[in-house]
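When we follow the UniProt record's numbering, the leftmost residue of the sequence shown carries the number 1, and every step to the right adds one. Step one of this worksheet: look at the structure below.
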Amino acid sequence: MTTPEHHLPDSVDTVVIGGGTGGAAFAATFAAHSDGTVLLIEAGPDYGARIDGNWPADMLDARSIPLSHDYELHTASTVGDSRLDLPRARILGGCSAHNGCTASLGARFDYDEWATQGNPGWTADEVEPLLEWVRDRFQVRRYTMDDLTPPQRAFVEAGILAGLPFADDLDDLAAAEGIGPMPVNVTADGVRFNSAFAFIDAVRERPNFSILADSTVTRIHIEDGVATGVFVQHPGGVNFIAASRVVVSAGAYHSPALLLRSGVGPADELEALGIPVEVDLPGVGKHLVDHACVQLDFAGRPGLVEELAALSWNPDEQTVGRAKSSLCDDGPYDIHVFMVAGANSGHPGLPPITLYGGAMRARSEGSVTLAADLDVVNPVIDHRYGTDPEGYDRQVLAESLELLERMVAQPELAQVLGERVPGTADPLANIVNYCHPAGSCKMGPATDPLAVVDNTGSVHGVAGLYVADASIMPAITRGNINLPTAMIGARIAAGLLDLSPLDIASTRSTQIA
Ligand SMILES: Cc1cc2nc3c(=O)[nH]c(=O)nc-3n(C[C@H](O)[C@H](O)[C@H](O)COP(=O)(O)OP(=O)(O)OC[C@H]3O[C@@H](n4cnc5c(N)ncnc54)[C@H](O)[C@@H]3O)c2cc1C
Numbered sequence: 001m002t003t004p005e006h007h008l009p010d011s012v013d014t015v016v017i018g019g020g021t022g023g024a025a026f027a028a029t030f031a032a033h034s035d036g037t038v039l040l041i042e043a044g045p046d047y048g049a050r051i052d053g054n055w056p057a058d059m060l061d062a063r064s065i066p067l068s069h070d071y072e073l074h075t076a077s078t079v080g081d082s083r084l085d086l087p088r089a090r091i092l093g094g095c096s097a098h099n100g101c102t103a104s105l106g107a108r109f110d111y112d113e114w115a116t117q118g119n120p121g122w123t124a125d126e127v128e129p130l131l132e133w134v135r136d137r138f139q140v141r142r143y144t145m146d147d148l149t150p151p152q153r154a155f156v157e158a159g160i161l162a163g164l165p166f167a168d169d170l171d172d173l174a175a176a177e178g179i180g181p182m183p184v185n186v187t188a189d190g191v192r193f194n195s196a197f198a199f200i201d202a203v204r205e206r207p208n209f210s211i212l213a214d215s216t217v218t219r220i221h222i223e224d225g226v227a228t229g230v231f232v233q234h235p236g237g238v239n240f241i242a243a244s245r246v247v248v249s250a251g252a253y254h255s256p257a258l259l260l261r262s263g264v265g266p267a268d269e270l271e272a273l274g275i276p277v278e279v280d281l282p283g284v285g286k287h288l289v290d291h292a293c294v295q296l297d298f299a300g301r302p303g304l305v306e307e308l309a310a311l312s313w314n315p316d317e318q319t320v321g322r323a324k325s326s327l328c329d330d331g332p333y334d335i336h337v338f339m340v341a342g343a344n345s346g347h348p349g350l351p352p353i354t355l356y357g358g359a360m361r362a363r364s365e366g367s368v369t370l371a372a373d374l375d376v377v378n379p380v381i382d383h384r385y386g387t388d389p390e391g392y393d394r395q396v397l398a399e400s401l402e403l404l405e406r407m408v409a410q411p412e413l414a415q416v417l418g419e420r421v422p423g424t425a426d427p428l429a430n431i432v433n434y435c436h437p438a439g440s441c442k443m444g445p446a447t448d449p450l451a452v453v454d455n456t457g458s459v460h461g462v463a464g465l466y467v468a469d470a471s472i473m474p475a476i477t478r479g480n481i482n483l484p485t486a487m488i489g490a491r492i493a494a495g496l497l498d499l500s501p502l503d504i505a506s507t508r509s510t511q512i513a
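Listed below in structure tokens is the structure:
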């Protein structure tokens, strides 16, 4: 049910802030398995159930990344990165409604490491049923070499010639090094299957669930260490909605911004901003991580752009290679190589083909804080790509470039790629983002000085306040993070409901419960 503004409730049992990947998975799972009222507040529009057919065409078309609902965020450009655009979607479904749809679960090591860092309940064995469940709900499909475009095939073959084994299991927790077609959450007719379709549509009709769209939470009210509700700005004004439980799922940039605005964060930073301190939590907005990338740009052989444009469906990020750098001592691989070739750019003006190398265990850490105007929608974001003191990220990126150059030297791929586009003489001087921000409200025990939430998603020091999105990742998973983020939302809901991941995952039908 979508809540009209004039019917805003005074109070609900649970408020979920943000209907992106984590928020949709949390809200739907929680509403489906409980009777308490759940209000999902989303800053962007809700275009309704998929079956109603009202979603804008560009948000459904999985061939490219649309920017029509973009927040237009960018890096603060202090150190380590030039001024980079940071695409984020303001819409029900969040970034899953405009992303590249590649479906990766990460590696077993990633989750075991989360548990080792003091987060019981998050080992690979424990979360695997939920990862498989979210993969199921996103309707992830595997592809064969026959489904690939000519450049994608050439890319995979060049990777094999450069020494990587062929892989057709890239969405498997146990997958190791390899290159092949990447599974994607795209329907047979080319629709990006976002988290609103995957989770929300199944609970829209439940009497205990409602959505307030086009409305931004500006502050969480905290009284004597207890979250009591939210202030929400909607087209008709500002209201306070009381809640017994507040769940923040506004994503890795906006979740810390909202906590800071609500007085939860480093005391010195809050005092300097003039925000009354509710809880001194030094980790809020720190430990911002992403997969740093380098890129090589090509013009494409004559006629290629037109040929690709004429294809009915070619998700252009559909081939991925995984490799191990000389520094990788913590798991099966730490490098991604992938090719974007087709309609996609995400950033207008990019060349027709770009090859990327990604550092999938990047160690550089950035931050999110508020500007003097305390605006939670436009926080100050500083990623500091490639600045880790030991130079680990740069070394891994340099090795990813060496692998790409070995691939580019293969005649078939070279023929498809055509001329290099000038301007990328030193890709390491121009590190770019993979659009996987995470970690800025890190999960960890109270003894961890940077921990913001505990292993249940509960914010340290504030009763009734939780975070459930990519921001709580203690370490970023070594793959695209949409599916892991959905797992986080469902995992935190399961914990609050006192259900096991298996209890949730056993509801595999079209209905969540
Ligand atoms: C361009 C791009 C391409 C990507 N490609 C892939 C890919 O191919 N595969 C993959 O696995 N991952 C991909 N990702 C990453 C993945 O989509 C995101 O990591 C994931 O969606 C993040 O989920 P989240 O819940 O943390 O945040 P989001 O999905 O960003 O959700 C946050 C939601 O909160 C809302 N919100 C924010 N502030 C407020 C507020 N104050 N009040 C109310 N609502 C608020 C936002 O509007 C948004 O809907 C991509 C990301 C981008 C940006």
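All residues carry an ideal CB built from backbone N, CA and C; glycine is no exception.
> Helix, strand or coil: how does DSSP classify L496 here?
Replying inline: Numbered from its first residue, the sequence shown carries residue 496 at position 496. Of the three classes helix, strand and coil, the one that applies to L496 here is helix, per DSSP.
> If you count every other CB in all the chains shown that lies within 10 Å of the CB of T144, and 16 or more means buried, which is it?
Replying inline: Mapped onto the sequence shown, residue 144 falls at position 144. In summary, T144 is exposed, with fewer than 16 beta-carbon neighbours lying within 10 Å of its beta-carbon over all protein chains present.
> Tell me which same chain residues have a C-beta within less than 6 angstroms of the C-beta of T456, skipping the five on either side of it?
Replying inline: The sequence position of residue 456 within the sequence shown is 456, counting from 1. Excluding positions up to five away in sequence, the list reads G495.
>> ligand 1 and T107: does any heavy atom of the ligand fall closer than 6 angstroms to the residue's C-beta?
In response: Translated into the one-based positions of the sequence shown, residue 107 becomes position 107. In the sequence as presented, Thr is not what sits at residue 107; that position holds Ala. No, since every heavy atom of ligand 1 falls outside the 6 angstroms radius drawn around the Cβ of A107.
>> Which same chain residues end up closer than 8 angstroms to F298 when comparing Cβ atoms and leaving out the 5 residues on each side of it in sequence?
In response: Indexing the sequence shown from 1 puts residue 298 at position 298. Result list for F298: P351, P352, I353, T354, L355, L417, G418, E419, R420 and V421, in chain order.
> DSSP on Y356, reduced to helix/strand/coil?
Replying inline: Here the question's residue 356 lines up with position 356 in the sequence shown. Strand at Y356.
> Can you name the start and end residues of the beta strand (DSSP E) that V277 belongs to?
Replying inline: Taking the first residue of the sequence shown as 1, we reach residue 277 at position 277. Following the DSSP letters along the chain, one finds V277 in no beta strand (DSSP E), marked with neither H nor E.
> What does a CB cutoff of less than 6 angstroms around T369 pick up in its chain, not counting 5 residues either side in sequence?
Replying inline: Residue numbering aside, residue 369 sits at position 369 when the sequence shown is read from its first letter. G285 and V380.
>> Quick check: what's the CA-CA separation for G346 versus L84?
In response: Your numbering for residue 346 matches position 346 in the sequence shown. Your numbering for residue 84 matches position 84 in the sequence shown. Caution is warranted here: a pLDDT of 44 is assigned to G346, below 50, making its placement in the model unreliable, and no coordinate value can be reported.
>> Considering only the alpha carbon of each residue, which of G44, T116 and G100 lies closest to G94?
In response: On the sequence shown, residue 94 is found 94 positions in, with the first residue counted as 1. That would be G44, whose Cα lies nearest to the Cα of G94.
> Per DSSP, R245 forms a beta bridge with which residues?
Replying inline: The residue you call residue 245 lines up with position 245 of the sequence shown. DSSP lists T14 as partners of R245.
> Along the chain, where does the alpha helix (DSSP H) that runs through M59 open and close?
Replying inline: Here residue 59 is taken as the residue at index 59 of the sequence shown, counted from 1. Its alpha helix (DSSP H) spans residues A57 to L60.
> Out of S506, Y47, R88 and G48, which has the shortest C-alpha to C-alpha gap to L67?
Replying inline: Mapped onto the sequence shown, residue 67 falls at position 67. Checked all of S506, Y47, R88 and G48; the closest Cα to L67 is R88.
> If you drop the 5 nearest sequence neighbours on each side, which residues of the same chain put their C-beta closer than 6 angstroms to that of G321?
Replying inline: Reading the sequence shown from its first residue, position 321 is the one you call residue 321. If we look at G321 and ignore the five residues flanking it on each side, its Cβ neighbours are G159, L164, I179 and V337.
> Excluding five sequence neighbours on each side, which residues of the same chain lie with their C-beta closer than 8 angstroms to the C-beta of S326?
Replying inline: As a first step, residue 326 must be located in the sequence shown, where it is residue number 326. Closer than 8 angstroms at Cβ, skipping near neighbours: Q395 and E399.
> Got a sec: does ligand 1 put a non-hydrogen atom nearer than 6 angstroms to the Cβ of V277?
Replying inline: In the sequence shown, counting from the first residue as 1, residue 277 sits at position 277. Flag unset: Cβ of V277 not near ligand 1.
>> Closest to V264 by C-alpha separation, out of V377, R219 and F166, would be which residue?
In response: Translated into positions along the sequence shown, residue 264 becomes position 264. Ranking the options by Cα distance to V264, first place goes to R219.
>> Taking only three categories from DSSP, how would you classify V408?
In response: Translated into the one-based positions of the sequence shown, residue 408 becomes position 408. V408 falls in the helix class under three-state DSSP.
> Roughly how many whole angstroms lie between the Cα atoms of D268 and L170?
Replying inline: As a working note, residue 268 is residue 268 in the sequence shown. As a working note, residue 170 is residue 170 in the sequence shown. Going by the C-alpha atoms only, they are around 44 angstroms apart.
> Which stretch, first to last residue, makes up the alpha helix (DSSP H) that contains R137?
Replying inline: For this step, residue 137 is matched to residue 137 along the sequence shown. First-last of the alpha helix (DSSP H) with R137: A124 to R137.
>> Could you give the first and the last residue of the continuous beta strand (DSSP E) run that contains Y466?
In response: To locate residue 466, count along the sequence shown from 1; it is residue 466. From DSSP, the beta strand (DSSP E) with Y466 extends over L465 to V467.
> How big is the Cα-Cα spacing for V232 and P282?
Replying inline: Residue mapping note: residue 232 aligns to position 232 of the sequence shown, counting from 1. Residue mapping note: residue 282 aligns to position 282 of the sequence shown, counting from 1. Cα-Cα distance, rounded: 26 angstroms.
>> Judging by CA-CA distance, which residue of G118, G251 and W114 is the nearest neighbour of V127?
In response: Within the sequence shown, residue 127 is the residue found at index 127, counting from 1. The candidate whose alpha carbon is nearest that of V127 is W114.
> Where do the ends of the beta strand (DSSP E) carrying I222 lie?
Replying inline: Mapped onto the sequence shown, residue 222 falls at position 222. Looking at the DSSP string, the run of the beta strand (DSSP E) that includes I222 is T216 to E223.
>> Can you list, in chain order, the residues of its chain with a C-beta nearer than 8 angstroms to that of A414? Leave out the 5 residues immediately preceding and following it.
In response: One-based indexing of the sequence shown puts residue 414 at position 414. V408, listed in sequence order.
> Taking buried to mean at least 16 other C-beta atoms within 10 Å of its own C-beta, is T216 buried or exposed?
Replying inline: The count along the sequence shown starts at 1 and reaches residue 216 at position 216. For T216, the number of other beta carbons within 10 angstroms of its own is at least 16, and it is reported as buried.
> How many whole angstroms separate the CB atoms of Q117 and P411, which I take to be in contact at a CB cut-off of 8 angstroms?
Replying inline: Position 117 of the sequence shown, counted from the first residue, corresponds to residue 117. Position 411 of the sequence shown, counted from the first residue, corresponds to residue 411. No, Q117 and P411 are not in contact; Cβ-Cβ is about 46 angstroms, not under 8 angstroms.
>> If distances are taken between C-alpha atoms only, which option among P445, D426 and P484 comes closest to F138?
In response: Position 138 of the sequence shown holds residue 138. Among P445, D426 and P484, the Cα nearest to that of F138 is on P484.
>> At the level of alpha carbons, what is the spacing between L401 and N480?
In response: As a first step, residue 401 must be located in the sequence shown, where it is residue number 401. As a first step, residue 480 must be located in the sequence shown, where it is residue number 480. Going by the C-alpha atoms only, they are around 19 angstroms apart.
>> Quick check on the DSSP output: what are the complete beta strand (DSSP E) runs of length 3 or more inside the region 185 to 213, in order along the chain?
In response: Complete beta strand (DSSP E) runs here, min 3: 209 to 212.
>> For V247 and T14, I'd like the C-alpha separation in whole angstroms.
In response: As a working mapping, residue 247 is identified with position 247 in the sequence shown. As a working mapping, residue 14 is identified with position 14 in the sequence shown. Taken atom to atom, the span from the alpha-carbon of V247 to that of T14 is near 7 angstroms.
>> Tell me which residues share the same chain as S96 and place their Cβ nearer than 6 angstroms to its Cβ, disregarding the 5 neighbours each side in the sequence.
In response: If you number the sequence shown from 1, residue 96 lands on position 96. Residues T21, N194, S195 and N482 of the same chain have their beta carbon placed closer than 6 angstroms to that of S96, with the five preceding and five following residues left out of the count.
>> Here's the rule: buried if 16 or more other CB atoms are within 10 angstroms of the residue's CB, otherwise exposed. What is H7?
In response: In the sequence shown, counting from the first residue as 1, residue 7 sits at position 7. In summary, H7 is exposed, with fewer than 16 beta-carbon neighbours lying within 10 Å of its beta-carbon over all protein chains present.
> Going by C-alpha distance, which of I91, I431 and A227 is nearest W56?
Replying inline: Here residue 56 is taken as the residue at index 56 of the sequence shown, counted from 1. Here residue 56 turns out to be Pro, not Trp, going by the sequence shown. Considering only alpha carbons, the answer is I91.
>> Spatial neighbours of R50 within its chain, please: C-beta separation below 7 angstroms, excluding the five flanking residues on both sides.
In response: The residue you call residue 50 lines up with position 50 of the sequence shown. Answer for R50: F197 and D201, listed in chain order.
> Just to confirm, does N378 get its C-beta within under 6 angstroms of one of the non-hydrogen atoms of ligand 1?
Replying inline: By one-based count along the sequence shown, residue 378 stands at place 378. False, no ligand heavy atom lies under 6 angstroms from that Cβ.
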